[in-house]
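Undergrad: Heads up, the sequence shown is in this note's numbering, so the first residue is 11 and it goes up one at a time. Glycine is no exception: its CB is placed at the ideal position from the N, C-alpha and C atoms. One structure, pasted below without further comment.
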Amino acid sequence: MPRRTRHHALFDKLRTPRKLPGFLKAASVCVLIAGLLSPLAQATPAAAATASNDYCGGQCSDILPPGENGNATLAQVLLNQAFGIQPDHAEDQLGPYNNLATGYSSLTDAKINTFFNDSSFGVASDQVASTESPAGRSDVTIVRDKKTGVPHITGTTRYGTEFGAGYAAAEDRLWLMDVFRHVGRGQLTTFAGGVASNQGLEQEFYRNAPYTEADLQAQIDNAVANNGTRGQQALADANAYLAGINSYIDASDSGRYFPGEYVLTGHKDSITNAGTIDHFKITDLVALASVIGTLFGSGGGGEVNNAISLLAAQEKYGVTEGTKVWESFRERNDPEAALTVHNGESFPYGTKPSDPQGEALPDAGTVTTEPLVYDATGTGADQSASAASAAATATALSSAKRGMSNALVVSGKYTASGHPIAVFGPQTGYFAPQLLMLQEIQGPGISARGASFAGLSMYVELGRGQDYAWSATTSGQDIIDSYAVELCQDDYHYLFHGTCTAMDEVEQKNSWKPTTADGTAAGSYTMRVWKTKYGPVEYRATVGGKKVAYTTLRSSYMHEADSIIGFQMLNDPDYVKSPQTFQSAVQHINFTFNWFYADSSHTAYYNSGNNPVRASGVDPEFPVWGQAAYEWQNWNPATNTSDYTAASAHPNSIDQDYYISWNNKQALNYTTASWGDGSVHRGNLLDDRVKKLVAAGGVTRSSLVKAMADASLTDLRAEDVLPDLLKVINSSTVTDSTAAAAVTKLQTWLTAGGKRTETSAGSKTYANADAVRILDAWWPLLVKAEFQPGLGDDLYTAFTNNLYIDETPSAAHGPTGSHAGSSFQYGWWSYVDKDIRSVLGQTVSGPLAQQYCGGGSLSACRDILISTLKTAAGTSASTVYPGDSLCSAGDQWCADSIVQRTLGGIKHYNISWQNRPTFQQVVEFTSHR
C-alpha cells in the first residue's frame, strides 16, 4: 500500500500527454486534475514507537529541507507542475529552514524547534501518522510521524531492520536513487534524457571513476574479505537493504503508485503499465558511493594546473623569485589561517620537501586535456553539449572541491549547562528531492537517527546515537597524485617499470531521444577513458621533449565500498561509547572528511582519509614521474593499496575548548589540496563568533545557533576585507562625489554588519541593497586592477585557474554554481587582505612575496581602488545580476536565492540566501550510559 500518496485510479491509467515541456503544459492537465476525486486510504495510525535509550533529554534537533517525501506519483507530479500542489511532507521543512534567516535574532532555547525538528528517538503516541509492516514482515515496523513523515524503523532482527531501511528509502527516494546509480555508471543520459546538464553530470563522474561492473563487484569482495565479521555483517546488511528496496519496487509497480518520473521518461506506460523498474543490485550501492565520495570526500588534484602556474611565475620572475611568488600565493601553511585544531599541535602532511625529487613539469604550452567524449551526434555535439562538457572537465580536474560543512562545537566547560553543545551538518547543496534523507533506525546492533544519502541508508551517516552525535565537513587533504607516464610505441602504450605496457580502454556508449520529461532532441556519444596502473589519463604533454600522459591516482580509487565499516560502527551503540571509540570508528572511513563528536561530557575531532605515504622528496603539489622511485610507499597497483599515515598523524583532538570547521585548514602544517587557506576564509566567520561566545562563557544551544545563523548571512568580503579597503581610500579626503557616495553606502552597510539579508521576512529586498550591489560589482574589478599589472596577463590567468577570484551567492561559476547557498569558500580575499594590509604598513604574517596594489604605493593603490569603485558604483543592477531562467535581470534577492534543483518532477519555491548546512543538527546531551 502506498503511504501519503493521494491519487485516483483514473490517473494510474492515463497516458501522460506528449510534448509537455518541463513535465507539463497546464492547459493539458486541467481535465486530468478535475478527475482527482478520492484519495486512497492511508495506513492506520498505531501506538507510538517506543523511545529507547535516549539520553538527549529532548535537546536534540535537526532539519533537512525541503521535506522527507521525495517520491511523487504521476498525478502528484502533474498537480505540482500545473498548480504548485505539494505531496504530503514534500515541502514542510523548507519553511522552518528558510525562516531562521529572519528569525534567529530573537531565538531562545524554547524556540529552537520552531526552526528545527525534535530529533528525539521514537514518536509520541499522539504524533503517529502511520505504521506499516513492509511486505507483511513481522520483524520490522516503519512508523511515520505526523509533523515531517520521517520513517522510524524498528526491527527485532538485523535482517528485518535493514529490510525496513531499504523499503523506507525506496518509499522516500526511489527515483533519485535510480538517477544516481546511473550517474555512477556514466549512464544518466540514456536513463533520464540528454539535456546538457545531464551530459555534464555523467561526464564529471565518469572521468574520475570509470568503473566496469567487475570493478564494482571487486570493491565489494575486497571490503568483505578485509574486514572480518564486520565485513560479513555489512554484506548481509546490504543484501537485506536491497531486498527491502526491491520489495517496494514490486509493490509500487503492481499497485501502480511508483514515482511518476518513470512514466515521464518513458520507462513505464501509464495506461498498460508496460515497462520495468529494474531491481537494485549490490553493485548499484558502490556506484552510488562513488558519486558521493567524488562529490564530497576526495581531496586533491590540480597538480598539472599547479605546474602551469609555477612555470608562469618562473617565466615572469625567474626560477628563484618565481618559486617564492608561487609559494606565497599557494599558502600551503599560512600562519594567519583559521584552524580547527587551534591549540598549537602540528600534524605535518603535504609539506614542501627541502629537495624535491621526481618532478615532471610539462614543457611550456604543451598541455592538452584528454578528450572524454567521442563520436558525438545530434544534441550530444551541439553548443550546449560542448559547454556542459567543458564545465564538467574543469570541475573534475580541479582541486577546488565542493564544500561540505559546517561545524560549531563547544566544550561543556564553557556552556551554561556544563554539557557540550554542537551545531553542525553537511552543506550538500539543495535538490528536489534532497540527496539526503532522514530516518531513525532501531534494531540489533543499530541505534541512530539522522541523515543518509539516498540509496546508502542502511546506516545513518550523519546524526545521533543514544548518547552521542556526530557530523562531518569536507576536509580536502591531498589523497590524489598525478603521474607523468612516458609513452612508448604509440599514444596508448606507456612505460611501466621499464616495460612498454598497453593502456586499458574503458568506454560507455550513451544515446537518448525526447521524452515528456526531457524534450532534448536525439543525440549520442561515447565516453572513453584510457586507464593506466597509475590511474586514468587526464592530460597529455611533453616533458623535456618526451611525450607523456598525465594520470590521476587517488587512494580511494577502487575503495569506495571500504567506508561502510566506519558507518556501521558509528551506528553501533556497543561500539561507540566515548570520544576514543568514535575516533576509532571514523578511522575506518577513507573519504577525506573532518569528523566531530559530542556527548554529555566530551567533544572530539578526527580527520579521516587514506593519506598515502609518499616517497621521500615527492612534492604532492606537482606531477611526478611514473617510476618506482616516486610511487607511494609499498603501493600495490593490483589493489591500489599502499602505506598510509598513522591515525595519530591525522589532525585529531579531544575536549578542545571549541571546534569550528567550514572547510578551512585543519591544523598547523597540514596542507589541503585546494588553494585559499589564508588570512581570510569563511571559517573566520565562525571562529570569530564562537571565540567570543567561549570567552564570555554560558553558551547555550540558542546562542550557538545564533552564531551560525549570523555567519550564514554575512558577506565575508565585507566583514574581513572591506574595512582595510576603506582605510586605503580614506587615507586622504575623498573628493569625487561618486566615490564618496559609494564609500558612505559601503560604510553604512559595514556598520550594520555587512549582511545580505532581507529588510523584513518575505520582503525579497535586501537591506543596504545598493552597497551589496556595489561590492559585488567592485570585487572582480579591484582584484584585476590590483594584481594583473604586477603579475602580468599569463601569471594572473594561471593563478585564477588555481583559485577563483570570487564566489558570491549569485555567482554562476565555481564548484557550487548559482542558487546553491554555499558561498565564499573560494576567492582571492586572503590575497587582497594581505596585500592591502602590507600597503597600509601593517604587520602581515606570511605575506605575499611582493606588493601589488599600486606597486606598493599607498597613493597609487588608493587611485586604483577609487577608480574601480567609481566604475562599480555606476554598474547597473541588471549588469551585476544579469538574470537567468528563474530571475529577471537586476533582481538581486532572486539572484542570491537558493533553489531546490529539480532531480524529479516536483518543484519548490526559492528561499532567501543562507550560507549554512543543508542538513543540520543542534544537540546537547544531558546524560550518558
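Determine which residues share a DSSP beta bridge with Gly-460 and list them.
TA: To locate residue 460, count along the sequence shown from 1; it is residue 450. Answer is Gln-449, Gly-473, bridged to Gly-460.
Undergrad: Got a sec: is the Cβ-Cβ distance from Ala-347 to anything in chain D below 7 Å?
TA: The structure shown contains no chain D; it is built from a single protein chain.
Undergrad: Would Ser-135 pass as a contact of Cys-70 if the rule is Cβ separation under 7 Å?
TA: If you number the sequence shown from 1, residue 135 lands on position 125. If you number the sequence shown from 1, residue 70 lands on position 60. Their beta carbons are not under 7 Å apart, which means Ser-135 does not touch Cys-70 by this criterion.
Undergrad: On the DSSP bridge list, what partners appear for Met-537?
TA: Here the question's residue 537 lines up with position 527 in the sequence shown. Val-383, Gln-518.
Undergrad: According to DSSP, simplified to helix, strand and coil, what is Glu-817?
TA: Counting from 1 along the sequence shown, the entry for residue 817 is found at position 807. Of the three classes helix, strand and coil, the one that applies to Glu-817 here is coil, per DSSP.
Undergrad: In or out: Asn-778 buried (at least 16 other Cβ within 10 Å) or exposed?
TA: Position 768 of the sequence shown, counting from 1, holds the residue named residue 778. Classification for Asn-778: buried.
Undergrad: Going by DSSP, name the residue or residues bridged to Cys-70.
TA: As a working mapping, residue 70 is identified with position 60 in the sequence shown. DSSP lists Val-933 as partners of Cys-70.
Undergrad: Quick one: what's got a C-beta closer than 8 Å to Gly-241's C-beta in the same chain, skipping five residues either side?
TA: Taking the first residue of the sequence shown as position 1, residue 241 is located at position 231. Result list for Gly-241: Ala-233, Val-234, Ala-235, Ile-575, in chain order.
Undergrad: Within the stretch 90-162, note down every full alpha helix (DSSP H) run reaching 4 residues or more, in order along the chain.
TA: Here the runs fully enclosed are 104-113, 122-125.
Undergrad: Give the straight-line distance between the Cα atoms of Tyr-251 and Gly-332, rounded to the nearest whole angstrom.
TA: Counting from one through the sequence shown, the residue named residue 251 turns up at place 241. Counting from one through the sequence shown, the residue named residue 332 turns up at place 322. Tyr-251 and Gly-332: Cα-Cα distance of roughly 56 Å.
Undergrad: Looking at the structure shown, is Phe-290 part of a helix, part of a strand, or coil, going by DSSP?
TA: Stepping through the sequence shown from its first residue, residue 290 is reached at position 280. In the structure shown, Phe-290 sits in coil (DSSP, three-state: anything other than H, G, I, E or B).
Undergrad: Grab me the residues of Ala-657's own chain with a C-beta within less than 6 Å of its C-beta, minus the 5 sequence neighbours each way, in chain order.
TA: Taking the sequence shown and counting its residues from 1, the one referred to as residue 657 is at position 647. Excluding residues within five positions, the ones whose Cβ falls inside 6 Å are Gln-597.
Undergrad: Check Gly-388 in the structure and name its three-state DSSP category.
TA: By one-based count along the sequence shown, residue 388 stands at place 378. Strand, per DSSP.
Undergrad: Could you give the distance in angstroms between the alpha-carbon of Leu-755 and the alpha-carbon of Asp-780?
TA: On the sequence shown, position 745 is the one that residue 755 refers to. On the sequence shown, position 770 is the one that residue 780 refers to. Checking the sequence, you will find Lys at residue 755 rather than Leu. Distance between the alpha carbons of Lys-755 and Asp-780: 7 Å.
Undergrad: If I follow the unbroken beta strand (DSSP E) through Asp-491, where does it start and stop?
TA: To locate residue 491, count along the sequence shown from 1; it is residue 481. Residues 490-498.
Undergrad: Entirely within the stretch 250-325 and at least 3 residues each: give me those beta strand (DSSP E) ranges in chain order.
TA: Listed in chain order, nothing qualifies, since the stretch 250-325 has no complete beta strand (DSSP E) run of 3 or more residues.
Undergrad: Just verifying my parser: in three-state terms, what is the DSSP assignment at Gly-486?
TA: Residue numbering aside, residue 486 sits at position 476 when the sequence shown is read from its first letter. Coil.
Undergrad: Evaluate Ser-747 with the Cβ neighbour count: other Cβ atoms within 10 Å of its Cβ, from every protein chain shown; 16 or more gives buried, anything less gives exposed.
TA: Sequence index remark: in the sequence shown, residue 747 carries index 737 (1-based). Exposed, by the Cβ-count rule.
Undergrad: Buried or exposed: where does Ala-253 fall if 16 or more other Cβ atoms within 10 Å of its Cβ makes it buried?
TA: On the sequence shown, residue 253 is found 243 positions in, with the first residue counted as 1. It counts as buried.
Undergrad: Going by DSSP, what residue range makes up the alpha helix (DSSP H) through Ser-712?
TA: The sequence position of residue 712 within the sequence shown is 702, counting from 1. Counting along the chain, the alpha helix (DSSP H) containing Ser-712 begins and ends at 711-722.
Undergrad: Please report the distance separating the alpha-carbon of Leu-1 from that of Gly-708.
TA: Outside the modelled stretch of the chain, which goes from 11 to 939, sits residue 1, for which no answer is possible.
Undergrad: Should the stretch 868-885 be regarded as contacting the stretch 738-747, the criterion being three or more beta carbon pairs within less than 8 Å?
TA: Counting Cβ pairs under 8 Å, three or more are found: they touch.
Undergrad: According to DSSP, simplified to helix, strand and coil, what is Val-731?
TA: The sequence position of residue 731 within the sequence shown is 721, counting from 1. Looking at Val-731 - three-state DSSP - the assignment turns out to be coil, as it is neither helix nor strand.
Undergrad: Beta strand (DSSP E) containing Ala-614: first to last residue?
TA: By one-based count along the sequence shown, residue 614 stands at place 604. It spans 613-617 - the beta strand (DSSP E) in which Ala-614 sits, taken as one unbroken run.
Undergrad: Under the assumption that Thr-164 contacts Ser-610 (Cβ atoms under 8 Å), give the Cβ distance between them as a whole number of angstroms.
TA: Here the question's residue 164 lines up with position 154 in the sequence shown. Here the question's residue 610 lines up with position 600 in the sequence shown. Not confirmed; about 24 Å, so no contact.
Undergrad: Confirm, please, whether the CB-CB distance from Gly-388 to Ala-531 is below 7 Å.
TA: Residue numbering aside, residue 531 sits at position 521 when the sequence shown is read from its first letter. Residue numbering aside, residue 388 sits at position 378 when the sequence shown is read from its first letter. In this structure, Gly-388 lies closer than 7 Å to Ala-531 by Cβ.
Undergrad: Around the Cβ of Tyr-384, are there at least 16 other Cβ atoms within 10 angstroms (buried) or fewer (exposed)?
TA: Taking the first residue of the sequence shown as 1, we reach residue 384 at position 374. Tyr-384 comes out exposed.
Undergrad: So, is Gly-146 buried or exposed, given that buried needs 16 or more other C-beta atoms within 10 angstroms?
TA: For this step, residue 146 is matched to residue 136 along the sequence shown. So Gly-146 counts as exposed.
Undergrad: Using beta-carbon positions only, say whether Ala-719 and Tyr-114 come within less than 7 Å of one another.
TA: Taking the first residue of the sequence shown as position 1, residue 719 is located at position 709. Taking the first residue of the sequence shown as position 1, residue 114 is located at position 104. Cβ atoms of Ala-719 and Tyr-114: closer than 7 Å.
Undergrad: Can you list, in chain order, the stretches of the alpha helix (DSSP H) that have 4 or more residues and sit fully within the stretch 839-880?
TA: 839-849, all fully within the stretch 839-880.
Undergrad: Can you say whether Ile-556 is buried or exposed, counting buried as having 16 or more other CB atoms within 10 angstroms of its CB?
TA: Here residue 556 refers to the residue found at position 546 when the sequence shown is read from its first residue. First, the residue type needs correcting, since residue 556 is Lys and not Ile in the sequence shown. Under this definition Lys-556 is an exposed residue.
Undergrad: Should Gly-422 go down as buried or exposed, given a rule of 16 or more other Cβ atoms within 10 Å for buried?
TA: Reading the sequence shown from its first residue, position 412 is the one you call residue 422. Counting Cβ neighbours within 10 Å, Gly-422 comes out buried, since at least 16 surround it.
Undergrad: Flag this pair as yes or no: are the beta carbons of Val-744 and Arg-766 separated by less than 7 Å?
TA: Numbered from its first residue, the sequence shown carries residue 744 at position 734. Numbered from its first residue, the sequence shown carries residue 766 at position 756. It is not a contact, given that the beta carbons lie outside the stated cut-off.
Undergrad: Would you call Ala-248 buried or exposed, if buried means 16 or more other Cβ atoms sit within 10 Å of its Cβ?
TA: Reading the sequence shown from its first residue, position 238 is the one you call residue 248. The residue in question, Ala-248, is buried, as its Cβ has 16 or more Cβ neighbours within 10 Å.
Undergrad: For the stretch 688-702 and the stretch 367-379, state whether three or more C-beta atom pairs, one from each stretch, are separated by less than 8 Å.
TA: With a cut-off of 8 Å, the stretch 367-379 and the stretch 688-702 do not count as touching, because too few Cβ pairs lie within range.
Undergrad: Kindly confirm or deny that the stretch 195-203 and the stretch 484-493 touch, where touching means at least three C-beta pairs closer than 8 Å.
TA: No, the stretch 195-203 does not touch the stretch 484-493.
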